[in-house]
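See structure below.
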Amino acid sequence: MKILFFVDTHGSEQYHREIVKKSKNVDLVVCAGDFTIFESNMHVLLRMFDSIGKPFILIHSNHETSSGLMAACQSLKNVKFIYNSYYVKDKVIFFCYGGGGFSITDKSFDVIAENLMRTKQKDFPNHKLIFVTHQPPHNTNLDNIGEHVGNINFRKFIERHQPLYAISGHIHETFDIDDKIGKTILFNPGPIGRIIEI
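Counted the way this note's numbering counts, the sequence shown spans residues 1084 to 1281.
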């Protein structure tokens, strides 16, 4: 399975044209948030994503609200809003946790993560795990802007569960940057996106 990840396009026509072009060669598109500037032209962009004709999942972030995205995606055929939950395709489970970006802790995440991992163990024990957030995990190359501004709870989750990949954005200074926590590969795909094959 080929997957295109992207984040932080912020309504840019140039970036969105690039994403549409790259999406023709993949099986799934994943957006880690901030594809608009405070939901400006959100419906137009979502219809464009839907017209790609490929499965397309996305999370909310600090520029899109969960309620706005949930309502906007209901009538779309291919675009699915994943609200702090999971999506399964081809023996891969995508744990998608949206929102935020400005707090280094998030206790509500721990409850959701615990429930998801119970579900994975029970229903998808042999599936690979990919972790998708808008904010990066704490104390990595992805959250370093002179100080570390990532989320501590996300880091602990990665340390404990070792997903195959952890994808995030939010920090524009770290577009196209990689790191590792244990065996987990972390990266910020940025607005031009990155394709991986599993």
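Ideal Cβ placement from N, Cα and C applies to all residues, glycine included. From a predicted model like this one, the values you see are computed outputs, not experimental measurements.
Where residue i falls, given that 16 or more other Cβ within 10 Å makes a residue buried
i: E1147; result: buried
i: I1228; result: exposed
i: R1201; result: exposed
i: V1171; result: exposed
i: S1251; result: buried
Contacting residues, own chain, Cβ-Cβ under 7 Å from residue i (five flanking each side not counted)
i: S1106; result: L1087, V1112, I1135, K1137
i: G1184; result: S1144, N1145, H1217, Q1218, H1253
i: H1255; result: D1091
Among the options, nearest to residue i - alpha-carbon criterion
i: V1194; options: I1278, N1236, I1281; result: N1236
i: I1187; options: H1217, Y1166, S1149, L1212; result: H1217
i: L1269; options: F1214, I1278, K1239, H1255; result: F1214
i: N1209; options: A1196, K1174, I1278, P1274; result: K1174
i: H1221; options: K1211, G1233, L1141; result: G1233
i: D1189; options: F1240, P1274, V1127; result: F1240
Spatial distance of residue i from residue j (CA atoms)
i: N1198; j: N1167; result: 11 Å
i: Q1204; j: F1177; result: 14 Å
i: F1121; j: R1238; result: 27 Å
i: I1281; j: D1133; result: 23 Å
i: E1242; j: A1249; result: 11 Å
Same chain, Cβ closer than 6 Å to residue i, five either side skipped, listed in chain order
i: I1260; result: N1224, L1225, N1271
i: G1182; result: H1143
i: F1054; result: Given that the chain is displayed from residue 1084 to residue 1281, the structure contains no residue 1054 and the question cannot be resolved.
Which runs of the alpha helix (DSSP H) fall wholly inside the stretch 1116-1155 and span at least 4 residues, in chain order?
1125-1134
Entirely enclosed beta strand (DSSP E) segments - the stretch 1158-1192, minimum 3 residues:
1162-1164, 1168-1172, 1175-1180
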